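For what it's worth, the numbering used here labels the leading residue of the sequence shown as 6, then goes sequentially. C-beta: ideal position from N, C-alpha, C; glycine also. Computed from a predicted model, the values in this text were never measured in an experiment.
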Amino acid sequence: MSKTEKALTISDLGEFGLIDHLTKDFTITDKKLIKGIGDDAAVFETGDICTLVTTDLLVEGIHFNLIYTPLKHLGYKAVVVNLSDLYAMNATPKYITVSIAVSRKFSVPALEQLYEGIKIACDRFGVELAGGDTTSSLSGLFINITAIGEAKKEDIVFRSGAKKNDLVCVSGDLGGSYCGLQLLEREKEVFIGDPAIQPKLDGFEYIVERQLKPEPRRDIIQKLKEAGIKPTSMIDISDGLSSEMLHLCKNSGCGCMIFEDKIPVHPQTEAASVMFGIDPSIAAMNGGEDYELLFTVPLDKKDIIEKLNDISIIGYIHEDKNTKLFVPRNGAELELKAQGWNPMKG
Ligand code: ADP
Ligand code: MG
Numbered sequence: 006m007s008k009t010e011k012a013l014t015i016s017d018l019g020e021f022g023l024i025d026h027l028t029k030d031f032t033i034t035d036k037k038l039i040k041g042i043g044d045d046a047a048v049f050e051t052g053d054i055c056t057l058v059t060t061d062l063l064v065e066g067i068h069f070n071l072i073y074t075p076l077k078h079l080g081y082k083a084v085v086v087n088l089s090d091l092y093a094m095n096a097t098p099k100y101i102t103v104s105i106a107v108s109r110k111f112s113v114p115a116l117e118q119l120y121e122g123i124k125i126a127c128d129r130f131g132v133e134l135a136g137g138d139t140t141s142s143l144s145g146l147f148i149n150i151t152a153i154g155e156a157k158k159e160d161i162v163f164r165s166g167a168k169k170n171d172l173v174c175v176s177g178d179l180g181g182s183y184c185g186l187q188l189l190e191r192e193k194e195v196f197i198g199d200p201a202i203q204p205k206l207d208g209f210e211y212i213v214e215r216q217l218k219p220e221p222r223r224d225i226i227q228k229l230k231e232a233g234i235k236p237t238s239m240i241d242i243s244d245g246l247s248s249e250m251l252h253l254c255k256n257s258g259c260g261c262m263i264f265e266d267k268i269p270v271h272p273q274t275e276a277a278s279v280m281f282g283i284d285p286s287i288a289a290m291n292g293g294e295d296y297e298l299l300f301t302v303p304l305d306k307k308d309i310i311e312k313l314n315d316i317s318i319i320g321y322i323h324e325d326k327n328t329k330l331f332v333p334r335n336g337a338e339l340e341l342k343a344q345g346w347n348p349m350k351g
């Protein structure tokens with residue numbers, strides 16, 4: 006390195022730049038690995054049925070704060086964020102492994118609570134606990150879950166299949182989890198100031214639950230299957246709509262037009278946004294952790310999609326990969342940008 010050349014820092018690269026940088030020398034030679042890095046899960050061809058693998062690491066103080074996160078909820082969430090990635094590939098989750106690093110501050114009953122949440126998620130989504138690892142940590146709790154699923158090769162949906170004029174669709178509503186987090190953070194500060202004061206969450210139960218106990222959208226996957234629709238591309242929304250939309254565009258080599266007035270936002274998200282002085286659309290576009298599905302379908306499926314509950318058409322795919330636009334209510338055309346509030350959090 007010359008004296009004028011500065012060493013790259015993590016913030017120069019960002020999360021995705023860092024992953025690209027660290028993995029650039031790894032080339033796939035095994036033909037059975039159909040998809041390696043770069044989608045919601047890796048895909049291996051294992052006979053008639055493919056195996057899919059995804060993993061997520063949750064770190065205390067970064068991804069969760071135990072002041073307001075019940076361990077049972079945390080266990081549930083740690084599983085479902087992984088299942089969400091498998092559903093985003095149109096796959097069926099089958100097994101998980103759970104690895105934990107625990108500091109001395111945790112009691113056995115506390116860890117039992119964590120595993121209670123893990124068990125509820127396993128039972129609800131038909132997943133078996135297949136193993137894991139347990140070790141100690143100097144500070145706090147780390148949970149790494151790996152989920153393994155399966156799917157027929159022809160059923161798998163990648164981030165890369167979006168085509169010109171496809172409709173861009175999203176399930177549920179967006180921005181709730183972010184606003185729920187803001188509320189919990191506010192109440193935490195109040196609690197630290199005076200532990201006698203009870204948290205004020207009345208009227209915001211939905212968005213608090215969106216943050217503490219998100220649900221993966223298995224129901225949407227089933228609904229699309231029943232309607233005979235296979236999305237052309239799909240991703241789950243963990244980092245915010247803008248960021249995930251840009252991933253779909255990049256992987257599919259296309260652009261998009263997204264319309265602000267079509268983005269689904271829950272009334273509690275609206276109310277909380279007003280209270281915090283944030284634009285609800287910014288919470289929806291950049292908030293993250295909603296674990297909804299963002300997917301594209303061919304234009305000729307419009308009539309069927311419009312009849313399905315809990316799915317909104319928010320825009321369409323543009324053939325030019327340099328045209329990625331966000332159209333606010335006033336009709337202006339802005340460049341779609343990922344302004345994740347904490348890019349290293351995911
Ligand atoms: P998601 O948000 O769907 O969980 P990520 O953004 O975490 O996906 O990861 C994007 C892609 O990069 C995935 O294919 C993931 O497996 C891969 N990836 C993330 N971190 C690493 C790493 N440290 N080494 C290798 N691959 C990684
Ligand atoms: Mg994902």
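In the DSSP assignment, the alpha helix (DSSP H) including residue i goes from what residue to what residue?
i	result
His252	Leu246 to Ser257
Thr28	Ile15 to Thr28
Glu192	Gly181 to Gly198
Leu298	Careful: Leu298 lies outside any alpha helix (DSSP H), inside the beta strand (DSSP E) at Leu298 to Val302.
Ile67	Counting along the chain, Ile67 falls outside any alpha helix (DSSP H), and DSSP gives it neither H nor E.
May I ask you to check if the CB of residue i is nearer than 6 Å to at least one heavy atom of ligand 2?
i	result
Ser1	This structure gives no information on residue 1, because the portion of the chain shown stretches from 6 to 351.
Asp224	no
Ser182	no
Asp241	yes
Shorter than 6 Å, the distance from the beta carbon of residue i to the closest heavy atom of ligand 1, or not?
i	result
Thr28	yes
Ile24	yes
Ile42	yes
Asp295	no
Ser89	no
Asp45	yes
Mind checking which residues open and close the beta strand (DSSP E) that includes residue i?
i	result
Thr59	Ile54 to Val64
Asp224	From DSSP, Asp224 is part of no beta strand (DSSP E) but of the alpha helix (DSSP H) over Arg223 to Glu231.
Phe264	Gly260 to Phe264
Glu50	Ala47 to Thr51
Leu206	Looking at the DSSP string, Leu206 is not in any beta strand (DSSP E), and its letter there is neither H nor E.
Leu38	Leu38 to Lys40
With 16 other CB atoms within 10 Å as the buried threshold, where does residue i fall?
i	result
Val103	buried
Phe209	buried
Arg215	buried
Ala93	buried
Leu88	buried
Thr56	buried
Asp90	buried
Glu340	exposed
Gln227	exposed
Gly336	exposed
Thr34	exposed
Pro219	buried
Arg164	buried
Val113	exposed
Arg109	exposed
Asn347	Only weak support is given to the placement of Asn347: the predicted model assigns it a pLDDT of 49, under 50, and the question is left unresolved by the model.
Asp25	exposed
Ala12	exposed
Lys77	buried
Asn327	exposed
Gln187	buried
Ala277	buried
Phe31	exposed
Glu194	exposed
Asn314	exposed
DSSP has residue i in a bridge; who is on the other side?
i	result
Ile283	Paired residues: none, contrary to the question.
Met290	According to DSSP, which records beta bridges pairwise, Met290 is partnered with nothing at all.
Ile240	Leu299
Glu340	Leu330
Taking only heavy atoms of ligand 4 into account, decide whether any of them is closer than 6 Å to the Cβ of residue i.
i	result
Glu50	Ligand 4 is absent from the structure shown, which contains only ligand 1 and ligand 2.
Subject >> Residue ranges of each beta strand (DSSP E) within the segment 91–177, 3 or longer >> reply: The segment 91–177 contains these whole beta strand (DSSP E) runs: 97–107, 133–141, 147–157 and 172–176.
Subject >> Completely contained beta strand (DSSP E) runs for the segment 306–335, where each covers 3 or more residues >> reply: As for any beta strand (DSSP E) of minimum length 3 sitting wholly inside the segment 306–335, the runs are 316–323 and 329–332, ordered along the chain.
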